[in-house]
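Residue 813 in the working numbering sits at position 158 of the sequence shown; the count goes up by one each step and never skips.
Cβ coordinates follow ideal geometry from the N, Cα and C atoms, glycine included.
The structure displayed is predicted, hence computed values, not measured ones.
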Amino acid sequence: MHITYHITGQAQNRINQLMLKYSPKHTLVIWVASLACLFFPLLIFRNSLSTILLSGLFGSAFITFWILNLGLKYAVHKRFSLHYQPDLDLETRTLILEERGIKISSSLLKPAFRPYKQVKMITVEDNIIVVSGKSGWLEMIPRDYVTEGNCGLLLNELCNKAGKKLKTSS
Numbered sequence: 656m657h658i659t660y661h662i663t664g665q666a667q668n669r670i671n672q673l674m675l676k677y678s679p680k681h682t683l684v685i686w687v688a689s690l691a692c693l694f695f696p697l698l699i700f701r702n703s704l705s706t707i708l709l710s711g712l713f714g715s716a717f718i719t720f721w722i723l724n725l726g727l728k729y730a731v732h733k734r735f736s737l738h739y740q741p742d743l744d745l746e747t748r749t750l751i752l753e754e755r756g757i758k759i760s761s762s763l764l765k766p767a768f769r770p771y772k773q774v775k776m777i778t779v780e781d782n783i784i785v786v787s788g789k790s791g792w793l794e795m796i797p798r799d800y801v802t803e804g805n806c807g808l809l810l811n812e813l814c815n816k817a818g819k820k821l822k823t824s825s
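Printed below as a string of structure tokens:
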């Protein structure tokens, strides 16, 4: 079973709005790493001169991680706030349900394969099918732009093969 769909400028603009919501959040990882850098010397060296020296070193690491966090937020905002011309035809994709997983072919990118066990969530929001994976990958299928195949049938079969229930958007 497969579907073929086109990504136009209008569809990409809608996908970008959803990407902000569903893209993985690295902020927590950055803050945990920066706090670990700040408090690590205090746990090891207790109250000694080397603690003060290392705290300065690790404090600068904390500031570096904080700047990295701000940079990541800025980059994500810049990437997903791009606006495309609505009539622009960007790419054509084909999503194929195989025996062991999902194969995604694109007119621009190399083919990708995702096993069903990696699927974390399947939902439909703003008439776009959102399939997210455990390692942070996302596939968004605009139902309005499907040119070949049956979205409803594919959605049911994908939910069955992945063992996930379709989540409703809030």
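- The alpha-carbon separation between residue 735 and residue 678 amounts to approximately 10 Å.
- Assigned with DSSP and collapsed to three states, residue 738 falls in coil, not helix or strand.
- CA-to-CA, the gap between residue 748 and residue 676 works out to about 22 Å.
- A contact is defined here as three or more CB-CB pairs under 8 Å, and the segment 662-671 fails this definition with respect to the segment 808-815.
- The straight-line gap separating the alpha-carbon atoms of residue 771 and residue 791 is approximately 14 Å.
- If you draw a straight line from the Cα of residue 694 to the Cα of residue 721, it comes to about 15 Å.
- The beta carbons of residue 784 and residue 798 sit closer together than 8 Å.
- The Cβ atoms of residue 788 and residue 801 do not sit closer than 8 Å to each other.
- Comparing C-alpha distances from residue 723 to each of 764, 751 and 685 shows the shortest one belongs to 685.
- The DSSP-derived three-state label of residue 752 is strand.
- Excluding its 5 nearest sequence neighbours in each direction, residue 758 has C-beta neighbours in its own chain below 7 Å: 751, 766 and 768, listed in chain order.
- Residue state for residue 819 is assigned as coil, using DSSP reduced to three classes.
- Counting C-beta atoms within 10 angstroms of its own C-beta, residue 663 has 16 or more neighbours from the protein chains shown and is therefore classed as buried.
- C-alpha of residue 795 to C-alpha of residue 727: approximately 22 Å in a straight line.
- Straight across, the Cα-Cα distance linking residue 756 with residue 823 is about 23 Å.
- Under the 10 Å beta carbon count, residue 809 is surrounded by 16 or more other beta carbons and is classified as buried.
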